[in-house]
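Each remark here refers to the structure printed beneath this line.
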Amino acid sequence: MSTLTLAAGARWTVAEPDVTAQTVLTVFDLVWPEQSNHHGTLFGGAALAMLDRLAFIMGSRALRGTVVTAAVSRLDFRAPIPTGQLVECRARVGRRGVRSALIHTRLVTEDALSGERNVCIVGDFTVVRRADSEEAAVEATPAAGSGSADLAEADEAGASAAVCVAEIVFPGHANHRGILHGGAAMEWIAKAGFIAASRHLRRSVVLASSERLRFVAPAHVGDVVEVEAQVCSVGRRSVRVMARMWAEHPATGQRRFCTSANLVYVAIDD
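For reference, each letter of the sequence shown is one residue, going 5 to 274 in the working numbering.
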């Protein structure tokens, strides 16, 4: 555990999240124009990519090995997802065996200004641990909960609660040494901060400044990166957001604190 000093003099204690205790993982994202179709809504393949990424993270933690998606079942598209919406993806492990796990997923949209929420997609992903993986096998275990409906019973996150954005470091995100490029890291941090600030103010916001950015450790190709952002102070038209980034090796579960940033977002009139 370490302590960071913010620009305003406040202190922020950095404690590593206990991911092994998670029964439901919730991450946020945004719908960009390049992810949308000619109707101005999220393309189905992009939506599947969001849920598949989350299923990979949960499957890796459940099986602790190199996992791949084996099947997608019970996929239900309930409502379109307009460009510009916030997206909340939730996942939980439904069944877990020695080499496979069933991951229940749920995608909810949220209007950043009104806070209106709609369940848009539910689906199940089966992930398997590769046979050539050298990690120890996990005993067959039924996970708590019985299906995707359990995801709806989780407490809804408050507007001022911490926001988590999760990404997987692919080769295109890294430099020639296989290390996450600083630009990609800053993009993910800014996205998490934007979502946290938007949910808190319920107004259109822009990034005004980055008062402090500290790189402590690298993230490598294949790592799962999680950025946690939370509003730590509020002004009349601005908010200060503290963001922290961790990297996790999906097969071993080894985590390291990588980066912290202190960001200021300002509300603008449409």
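Ideal Cβ placement from N, Cα and C applies to all residues, glycine included.
Which residue from A201, R100 and H253 puts its Cα closest to that of H108?
-> For the purposes of this step, residue 108 is taken as the residue at position 104 of the sequence shown. Residue R100 is the option with its Cα nearest to H108.
Cβ-Cβ separation, V167 to V91 (assumed contact under 8 Å), whole Å | In the sequence shown, the residue the question calls residue 91 occupies position 87. In the sequence shown, the residue the question calls residue 167 occupies position 163. That pair is no contact at about 12 Å.
Would you tell me roughly how many angstroms separate the C-alpha atoms of Q39 and L67, rounded to the nearest one?
-> Here residue 39 refers to the residue found at position 35 of the sequence shown. Here residue 67 refers to the residue found at position 63 of the sequence shown. In this model, Q39 and L67 are separated by some 31 Å (Cα to Cα).
T45 and D56 closer than 8 Å at C-beta = One-based indexing of the sequence shown puts residue 45 at position 41. One-based indexing of the sequence shown puts residue 56 at position 52. No, the Cβ-Cβ distance between T45 and D56 is not below 8 Å.
Would you check if the region 106–124 and the region 79–97 touch, i.e. whether three or more CB-CB distances between them fall below 8 Å?
-> Remark: three or more beta-carbon pairs, one from each stretch, lie closer than 8 Å, so the region 79–97 and the region 106–124 are flagged as touching.
Residue range of the alpha helix (DSSP H) that I172 falls in?
-> On the sequence shown, position 168 is the one that residue 172 refers to. Note, I172: premise wrong, no alpha helix (DSSP H); beta strand (DSSP E) at V167 to I172.
In terms of DSSP beta bridges, what is M246 paired with?
-> Counting from 1 along the sequence shown, the entry for residue 246 is found at position 242. Per the DSSP secondary-structure output, M246 pairs in a beta bridge with Q234 and N266.
Sequence-distant residues of its chain with Cβ nearer than 8 Å to T130 (five each side left out) = On the sequence shown, residue 130 is found 126 positions in, with the first residue counted as 1. Cβ contact annotation for T130 (same chain, cutoff 8 Å, sequence separation greater than five): T73, A74, A75, V76, S77, S104, A105, L106 and I107, in chain order.
Let me know the secondary structure DSSP gives G257 once reduced to three states.
-> Looking up residue 257 in the sequence shown gives position 253. DSSP places G257 in the coil class of the three-state scheme, outside both helix and strand.
Residue burial classification, T256 (beta-carbon count within 10 angstroms, cutoff 16) = Counting from one through the sequence shown, the residue named residue 256 turns up at place 252. With fewer than 16 Cβ atoms within 10 Å of its Cβ, T256 is classed as exposed.
Per-residue DSSP class, three states only, for A116 = The count along the sequence shown starts at 1 and reaches residue 116 at position 112. Under the three-state reduction of DSSP output, A116 falls in the coil class, being neither helix nor strand.
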